[in-house]
Amino acid sequence: NTFNLTGIEDTANTFIQPGIPQALGTKGLYITFPSGYLGYSDSWSVTIPNTQASGFVTNYNSYQAALETQRVTVSTAEATVAARQADLNLKKAAARPAELAAAQAAVLSAQGQVETAQAAFENTTLRSPSAGTITSIDIKVGELASALQSVMILQDVDNLHLEANISEANIATMAIGQKVEITFDAFGPDKLYTGTVTLVDPASTVVSGVVNYKITASVERVAEIRPGLTANMRIVTGQRAGVLTVPQRSLVSRDAKSYVRVVTESTTKKYEEREVSVGIYADGGLVEILTGLEEGQEVVTFIRTQ
7 NTFNLTGIED
17 TANTFIQPGI
27 PQALGTKGLY
37 ITFPSGYLGY
47 SDSWSVTIPN
57 TQASGFVTNY
67 NSYQAALETQ
77 RVTVSTAEAT
87 VAARQADLNL
97 KKAAARPAEL
107 AAAQAAVLSA
117 QGQVETAQAA
127 FENTTLRSPS
137 AGTITSIDIK
147 VGELASALQS
157 VMILQDVDNL
167 HLEANISEAN
177 IATMAIGQKV
187 EITFDAFGPD
197 KLYTGTVTLV
207 DPASTVVSGV
217 VNYKITASVE
227 RVAEIRPGLT
237 ANMRIVTGQR
247 AGVLTVPQRS
257 LVSRDAKSYV
267 RVVTESTTKK
277 YEEREVSVGI
287 YADGGLVEIL
297 TGLEEGQEVV
307 TFIRTQ
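Following the working numbering, the numbering of the sequence shown begins with 7 at its first residue and continues without gaps.
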């Protein structure tokens, strides 16, 4: 036996299989013929959808609920798109002066907070102002360090220098760059080191009632030289070669002028004063004569009174 279908689809001569659901076309409709069905001229008319089916109401309500859910979802998505578009338009628009000023103030405030936090963090670590070697530690681990308390001594042993006080009578001859000859009591007077004047203090210091000026001199780096050693400095304030000199005690100063007594007669010990111009005063009690004397002339250094 066969059956025919007309309506939403048309089929013909489909074999009947009693007890098995058979598709009515391709739209998802099925029909089940009872076992032993022999009808040859039966005809059925079914309205689509079949509102009389037992599950129609349940399925219909579920469908309507799902449809409403989708409508709400679409509406929400559309509202979100509109909000995002409005936000985009606001960001594209030029900022108002008041809003810009407020934003800049907020940025500056945040930067200030960051800098304050960074400074507070940095203050948790003690840092040396310069590189050096720790030569003494005056505090123990776990002790509370107070303000102005000496914690340790840090010395730059790779860049040692000397300090000396120069009296005001000699400070005028001191200048940065002058060569210095140095000896140390620890190594004896025969071991000579060299250095250079690096600083002449402009401010005076009174030592034992005498006005002094502190000078600083570098010293060559030698492993045996240690901080705190007593040093003796000889500063070269000037150099002359091949000059005429006389003993300083032969000079006679009068009316802001300098004179030397020149021997004119050796046997009778006669002499005469000659005005001279002087140069630098050298070690050993000598003074340079620029004009007024000639090499080989005898000068008087001492006059014994009867």
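Here a beta-carbon is modelled for each residue, glycine too, at the ideal position from N, C-alpha and C.
Does residue i get closer than 7 Å to chain B when you measure Cβ to Cβ?
i: ILE22; result: No chain B appears in this structure, which consists of one protein chain only.
Can you name the start and end residues of the alpha helix (DSSP H) that residue i belongs to?
i: PRO103; result: 103-128
i: GLU3; result: Here the chain comprises residues numbered 7 to 312, so residue 3 is not present and cannot be evaluated.
I'd like to know whether the C-beta atoms of residue i and residue j end up nearer to each other than 7 Å.
i: SER41; j: PRO24; result: yes
i: GLU279; j: THR270; result: no
i: GLU281; j: GLY298; result: yes
i: LEU44; j: ILE37; result: no
i: ASN4; j: ILE22; result: This structure cannot settle anything about residue 4, because the visible part of the chain is limited to 7 through 312.
i: SER210; j: VAL216; result: no
i: VAL206; j: MET180; result: yes
Which two residues bound the contiguous beta strand (DSSP E) that contains residue i?
i: LYS220; result: 216-224
i: ASP144; result: ASP144 -> no beta strand (DSSP E), and no H or E assigned at all.
i: ASN398; result: Residue 398 lies beyond the residue range present for the chain, which begins at 7 and ends at 312; the question has no answer from this structure.
i: ILE188; result: 185-190
i: ASN171; result: 167-173
i: GLN155; result: Here GLN155 belongs to no beta strand (DSSP E), and DSSP marks it neither H nor E.
Please look up how many angstroms separate the CB atoms of residue i and residue j, rounded, as I've assumed it's under 8 Å.
i: VAL252; j: VAL266; result: 6 Å
i: ARG227; j: ASP164; result: 7 Å
i: SER272; j: GLU300; result: Incorrect: roughly 16 Å between the Cβ atoms, too far for contact.
Is residue i helix, strand or coil when you go by DSSP?
i: THR179; result: helix
i: ARG280; result: strand
i: SER256; result: helix
i: PRO208; result: strand
i: TYR43; result: coil
i: GLN161; result: strand
i: VAL228; result: coil
i: LEU296; result: strand
i: ARG267; result: strand
i: VAL52; result: coil
i: VAL249; result: coil
i: GLN23; result: coil
i: THR131; result: coil
i: PRO195; result: strand
On the three-pair Cβ rule with 8 Å, is the segment 201-212 touching the segment 184-191? Yes, the segment 201-212 touches the segment 184-191.
Below 8 Å, can you find three or more Cβ-Cβ pairs linking the segment 280-298 to the segment 245-262? By the Cβ criterion, the segment 280-298 is in contact with the segment 245-262, since at least three pairs of Cβ atoms, one from each stretch, lie closer than 8 Å.
Evaluate contact between the segment 154-171 and the segment 203-222, counting only Cβ atoms and requiring at least three cross-stretch pairs below 8 Å. Contact holds: three or more Cβ-Cβ distances are below 8 Å.
contact_flag[the segment 228-236, the segment 277-286] where n(CB pairs < 8 Å) is 3 or more: With a cut-off of 8 Å on Cβ pairs, the segment 228-236 is not in contact with the segment 277-286, counting fewer than three such pairs.
Is it the case that the segment 127-142 contacts the segment 154-167, given that we only count it when at least three CB pairs across the two stretches are under 8 Å? The segment 154-167, when compared against the segment 127-142, does touch it at the 8 Å Cβ threshold.
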